[in-house]
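Residue numbers (mature numbering (1 follows the signal peptide of the UniProt record, and there is no 0)): -21 to -1, 1 to 94.
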Amino acid sequence: MGKFLLMLLLLGFLLLVLVQGQATLCMVCSIFVGNTCYEGQGNCTVEQGRGCRTRDIYVFNVRDGFSYNHTQMDCATPCRAWKLIKGDLKVSSFCCQGRKFCNRLQGRSVAKMHY
């Protein structure tokens, strides 16, 4: 019985290590433009089934149509890619997981700010 409990304890520890090994560290920022976070900088950790999210925000103007404004980054459950256009606002959402700060490399996050 003692060997069985020890084996069960070791199996539980192994599962805990494997689950924690699949966590992904994501960048968090409310306003990210031109490779700089202007507001809300931080990070978050997602477990399996969740993802790092990047949302590019575009604003419509008559002269240029939709122009990139800024990027937002965070953790999301569930994380899915999608696009939304509502009035003068357009949002493109991207998701990733499995690589540290993978959401920093997606979207238009290196564009210039348009306010």
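For glycine and all other residues, C-beta sits at the position ideal for the given N, C-alpha and C.
Contact under 8 Å by Cβ, residue i with residue j
i, j, result
"D35", "S71", "yes"
"M6", "R59", "no"
Coarse secondary structure for residue i, derived from DSSP in three states
i, result
"R83", "helix"
"T56", "coil"
"R32", "strand"
"Q27", "coil"
"V41", "coil"
"G77", "coil"
"V(-3)", "Only weak support exists for where V(-3) lies, its pLDDT of 46 falling under 50; the value from the coordinates is given anyway. Reduced to three states, the DSSP call for V(-3) is helix."
"L(-16)", "Model confidence at L(-16) stands at a pLDDT of 48, short of 50, so the residue's coordinates are unreliable and nothing is read from them."
"N48", "strand"
Distance between residue j and residue i (C-alpha atoms, nearest Å)
i, j, result
"T56", "T24", "12 Å"
"K69", "Y47", "9 Å"
"T50", "Q76", "18 Å"
"R78", "G30", "10 Å"
"E18", "F45", "23 Å"
"N14", "D67", "25 Å"
Closest by C-alpha distance to residue i, when choosing among the options
i, options, result
"N22", "G13, T33, G66", "T33"
"I64", "G77, C75, F39, M6", "F39"
"Q20", "W61, M52, A60", "M52"
"F73", "C81, T3, E18", "C81"
"L4", "R59, F11, V12, E26", "E26"
"K62", "V41, Y37, C54", "Y37"
"G28", "R83, C8, C54, G13", "C54"
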